[in-house]
Amino acid sequence: MGFKGGKGVATSAGVLLALAPWAVLGCFVVWCALTFPTGYVALGSIGAAVSLPIFVSLTPDQGGEGLMWFSLTLAVFVTWAHRSNLKRILAGTESRFRWSGDAKAEDHSEVA
Numbered sequence: 209m210g211f212k213g214g215k216g217v218a219t220s221a222g223v224l225l226a227l228a229p230w231a232v233l234g235c236f237v238v239w240c241a242l243t244f245p246t247g248y249v250a251l252g253s254i255g256a257a258v259s260l261p262i263f264v265s266l267t268p269d270q271g272g273e274g275l276m277w278f279s280l281t282l283a284v285f286v287t288w289a290h291r292s293n294l295k296r297i298l299a300g301t302e303s304r305f306r307w308s309g310d311a312k313a314e315d316h317s318e319v320a
């Protein structure tokens with residue numbers, strides 16, 4: 209598919225799916241809401257990670273305080289890991305993911 213390497217977001221989501229499925233579902237909705245319109249997977253990943261502590265707090269029966277601290281830490285790490293992607297998004301040089309056709313194609317046009 210032309211991917212260059214991940215930053216552990218999908219793996220983290222898989223682990224969290226077992227611990228807090230409702231929180232992961234909420235994060236997936238956020239990921240879709242940010243990724244599909246913009247084409248920036250990194251933006252969706254950051255949004256999902258930052259929203260994770262919010263969704264965890266809305267489902268306190270899943271994981272408790274330990275999961276809350278983990279979700280806060282994960283949000284920081286995911287944002288930090290994507291800092292180069294954020295710089296490229298701001299510079300207009302980040303590649304957009306194509307949902308149909310060539311996944312390697314680059315589109316440096318402005319977000320409408």
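Each number in the numbering used here comes from the position in the sequence shown (counting from 1) with 208 added on. All residues carry an ideal CB built from backbone N, CA and C; glycine is no exception.
An exposed status is given to THR281, since fewer than 16 other beta-carbon atoms sit within 10 Å of its beta-carbon. Taken through DSSP and simplified to helix, strand or coil, LYS215 comes out as coil. Here SER265 has MET276 as same chain residues with Cβ atoms under 7 Å from its own Cβ, once five neighbours each way along the sequence are excluded.
Listed in chain order, the non-local C-beta contacts of GLY274 below 8 Å within the same chain number zero, local neighbours out to five positions each way being set aside.
Inter-residue distance for PRO245 and ILE254 is about 15 Å (C-alpha atoms, whole angstroms). Separation of THR243 and VAL249 (C-alpha to C-alpha, rounded to the nearest whole angstrom) is 5 Å.
In the DSSP assignment, TRP277 falls within the alpha helix (DSSP H) that extends over 272-289.
Taking LEU224 as reference, the option from ARG296, LEU260, ALA289 and HIS290 with the minimal CA-CA separation is LEU260. Cβ-Cβ separation between CYS235 and PHE263: approximately 6 Å, consistent with a contact (criterion under 8 Å).
Residue range 249-266 is occupied by the alpha helix (DSSP H) that includes SER259.
SER303 has its alpha-carbon roughly 26 Å from the corresponding atom of VAL232.
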